[in-house]
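Trainee: In the working numbering, the protein residues as written are 1 to 123.
Where a beta carbon is used, it is the ideal one built from N, C-alpha and C, also for glycine.
Before we start, here is the structure in question, set down as structure tokens.
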């Protein structure tokens, strides 16, 4: 009745008796243009360029914000960016060094306690 299984091509049988052409599809088929999406992804992720706005009203606002970001004051690195992999590597090395330092302090304290307590019991 209200819910019918779709055909093998993903369309539902027409239940509209008024003569209108209704062909719903499953999923998000046709909403996103894959070539445009790939081009925008490449521009943003590979070339580090912002997305261009298509509306003329937001174009004047984005040009003023892009001119302030273009001077290098926005990112604080002067246009030179550090790779995410290097940041992760530095964080892991720092964490490993912290763990080693804490282990060394704990070893030193335990050895000191052992020597202090062991000298009175051994004689």
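1) So, with DSSP's three-state summary, where would you put residue 64?
2) When you compare only the Cα positions, how much space is there between residue 86 and residue 99?
3) By the DSSP assignment, the alpha helix (DSSP H) with residue 6 in it spans what residues?
4) Taking the continuous alpha helix (DSSP H) assigned at residue 38, which residues delimit it?
5) DSSP three-state call for residue 87: helix, strand or coil?
6) Helix, strand or coil for residue 114 per DSSP?
7) Mapping the DSSP letters down to three states, classify residue 93 as helix, strand or coil.
8) In this structure, how does DSSP classify residue 51 when only helix, strand and coil are distinguished?
Mentor: The structure says:
1) Annotation note: pLDDT 44 at residue 64 (below 50); position unreliable, coordinate value reported separately. Residue 64 falls in the helix class under three-state DSSP.
2) When rounded, the distance between both Cα atoms is 20 Å.
3) Where residue 6 is concerned, there is no enclosing alpha helix (DSSP H), given that its DSSP letter is neither H nor E.
4) Taken as a continuous stretch (DSSP letters only), the alpha helix (DSSP H) holding residue 38 covers 34-41.
5) Residue state, collapsed to three classes: helix.
6) Of the three classes helix, strand and coil, the one that applies to residue 114 here is helix, per DSSP.
7) Taken through DSSP and simplified to helix, strand or coil, residue 93 comes out as helix.
8) Coil at residue 51, not helix or strand.
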